[in-house]
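The opening position of the sequence shown corresponds to residue 471 in my numbering, with each subsequent residue numbered one higher.
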Amino acid sequence: QVQLVESGGGSVQAGGPLRLSCAASGSTFSINAMAWYRQAPGKQREFVASITRGGTINYADSVKGRFTISRDNAENSLYLQMNSLKPEDTAVYYCNAVGSGVFWGQGTQVTVSS
Numbered sequence: 471q472v473q474l475v476e477s478g479g480g481s482v483q484a485g486g487p488l489r490l491s492c493a494a495s496g497s498t499f500s501i502n503a504m505a506w507y508r509q510a511p512g513k514q515r516e517f518v519a520s521i522t523r524g525g526t527i528n529y530a531d532s533v534k535g536r537f538t539i540s541r542d543n544a545e546n547s548l549y550l551q552m553n554s555l556k557p558e559d560t561a562v563y564y565c566n567a568v569g570s571g572v573f574w575g576q577g578t579q580v581t582v583s584s
């Protein structure tokens, strides 16, 4: 089992930055890919960005050029640097890990005001 705990959410004005963190514990040796997803009110959860243990990165088109995903394998941590935030980025952001199974964190709220 893998436990994931997100932190760093909050409220910010449009154009501002925010950095999310995700701490993994448990059977972290089994983790291959990690990712961020988000879910806005009334919408389905959507992919934001992912990174494999080897460093392959993918982004959703909506965040390319604004968000940066990174990972510290030694510290079992995942990060999401979010710049130039827009009101449409408002959502609960979830950390995801894939290895021996699929694991999710509890989510952290990000609110961007115009």
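Positions of the beta carbon are idealized from the N, C-alpha and C atoms, including for glycine.
In this text, all values refer to a predicted model and were calculated from it rather than measured experimentally.
### Query
Is the region 478-497 touching the region 549-558, taking contact as three or more C-beta pairs under 8 Å?
yes
### Query
By how many angstroms is the C-alpha of residue 558 removed from the C-alpha of residue 573?
As a first step, residue 573 must be located in the sequence shown, where it is residue number 103. As a first step, residue 558 must be located in the sequence shown, where it is residue number 88. When rounded, the distance between both Cα atoms is 26 Å.
### Residues bridged to residue 540 (per DSSP)
As a working note, residue 540 is residue 70 in the sequence shown. DSSP lists 549 as partners of residue 540.
### Task
Compute the Euclidean distance between the alpha carbons of residue 545 and residue 578, then round it to the nearest angstrom.
Position 75 of the sequence shown, counted from the start, is the residue given in the question as residue 545. Position 108 of the sequence shown, counted from the start, is the residue given in the question as residue 578. Going by the C-alpha atoms only, they are around 20 Å apart.
### Query
So which of 561, 581 and 576 has the shortest CA-CA distance to residue 511?
Locating residue 511 in the sequence shown gives position 41, where the first residue counts as 1. The candidate whose alpha carbon is nearest that of residue 511 is 561.
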